[in-house]
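Below: one structure, written as structure tokens.
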Amino acid sequence: AGPVAEVAAEPYPFQFPVQHTAVVMIDFQRDFCEPGGFGETLGNDVSLLRASLPPAKRLLDAARKAGMLVVHTLEAHKPDLSDLPPSKMLRGNLPPELRIGAAGDMGRILVAGEPGNDIVPEVAPVKGELQVHKPGKGAFWATGLHETLQARGITHLLFTGVTTEVCVQTSMREANDRGYECLLVTDATDSYFPAFKAAAIEMIRAQGGIVGWTADTAAIEAALA
Ligand code: TIU
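The sequence shown begins at 213 in full-length UniProt numbering and counts up by one.
Okay, here's the thing in structure tokens:
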């Protein structure tokens, strides 16, 4: 029940019941968006992610005004690293001092509670919004997110975050298989590889929206206005 918004989306219009839709902000963390964190240790230019922050903030503002649920995810491991499989720890062939859990410029890399693991101030959570720590790339693996969303009657998800083709796309595919109607907000997501971002957007909405819909922040704002 309640209002249904319609977005001018690709590959065709996307309708969402506002009170049963959540905005999912994937991993807008200092570890990915600022120098000295996990993203930079992997050899990336972290400044490439920052264009998505102003649109993501606008989307947050629109969602908050509409009274929608907002979920912030964080790629975060427990301090004892018991949720870090060896495959993930050793991937990248990095020396021990650059691996997940090692001490970096912003604290221990990708460890919950460390300064670098925080969400960047531009899109920081406010009271009442959910924060979900996830040990994998997908937001539904080992998190309980599906049960949390089901308990709140959420059926539709608007995805933002970083990086487009890694944690955002993985999470959107997980959500799609669990029966959620999903839309990726194209200017509120970024990748270290612009060509990968463009390809992810194309592959999500191809074949009649095989994974879901895409639209920009202005289209969501217009739908909620
Ligand atoms: N490396 C990269 O592009 N992404 C990640 O490791 N995690 C997320 O996407 N959050």
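Backbone N, C-alpha and C define an ideal beta-carbon position, used for all residues, glycine too.
Assuming residue i contacts residue j (C-beta within less than 8 Å), just tell me the rounded distance between them.
i: residue 219; j: residue 427; result: 5 Å
i: residue 327; j: residue 242; result: 7 Å
i: residue 316; j: residue 248; result: 6 Å
i: residue 371; j: residue 384; result: 5 Å
i: residue 392; j: residue 369; result: 5 Å
i: residue 296; j: residue 239; result: With a Cβ gap of about 16 Å, residue 296 and residue 239 do not count as contacting.
i: residue 341; j: residue 284; result: 6 Å
i: residue 226; j: residue 361; result: That pair is no contact at about 18 Å.
i: residue 429; j: residue 254; result: So it is not a contact: roughly 27 Å between Cβ atoms.
i: residue 228; j: residue 321; result: At roughly 36 Å, the Cβ-Cβ gap does not stay under 8 Å, so residue 228 and residue 321 are not in contact.
Is the separation between the beta-carbon of residue i and that of residue j shorter than 9 Å?
i: residue 423; j: residue 402; result: no
i: residue 216; j: residue 282; result: no
i: residue 319; j: residue 301; result: no
i: residue 288; j: residue 323; result: yes
i: residue 409; j: residue 382; result: no
i: residue 397; j: residue 432; result: yes
i: residue 277; j: residue 436; result: yes
i: residue 351; j: residue 387; result: yes
Thinking just about the alpha-carbon of each residue, which of the options is nearest to the one in residue i?
i: residue 269; options: 318, 336 and 308; result: 336
i: residue 419; options: 332, 216 and 222; result: 222
i: residue 293; options: 214, 304 and 347; result: 347
i: residue 237; options: 399, 246, 231 and 259; result: 399
i: residue 366; options: 414, 395, 305 and 231; result: 231
i: residue 291; options: 345, 429 and 413; result: 345
i: residue 259; options: 253, 266 and 245; result: 245
i: residue 378; options: 233, 411 and 390; result: 411
i: residue 434; options: 275, 417 and 251; result: 275
i: residue 252; options: 264, 417, 310 and 413; result: 310
i: residue 364; options: 305, 330 and 280; result: 280
Who's in the neighbourhood of the ligand TIU, going by beta-carbon under 5 Å from any heavy atom, listed in chain order? Listed by chain position, these are 239, 287, 375, 378 and 379.
Within the segment 282–343, ranges of the beta strand (DSSP E) (whole runs, at least 3 residues): The segment 282–343 contains no whole beta strand (DSSP E) run of 3 or more residues.
Fully enclosed by the segment 394–431, which alpha helix (DSSP H) runs are 4 residues long or longer? The segment 394–431 contains these whole alpha helix (DSSP H) runs: 406–421.
List in chain order: all unbroken beta strand (DSSP E) runs of 3+ residues lying wholly within the segment 338–397. You should have 342–346 and 368–374.
Counting only runs of 3+ residues fully inside the segment 232–271, write out the beta strand (DSSP E) ranges in chain order. Scanning the segment 232–271 from its first residue to its last, the whole beta strand (DSSP E) runs of 3-plus residues come out as 233–238.
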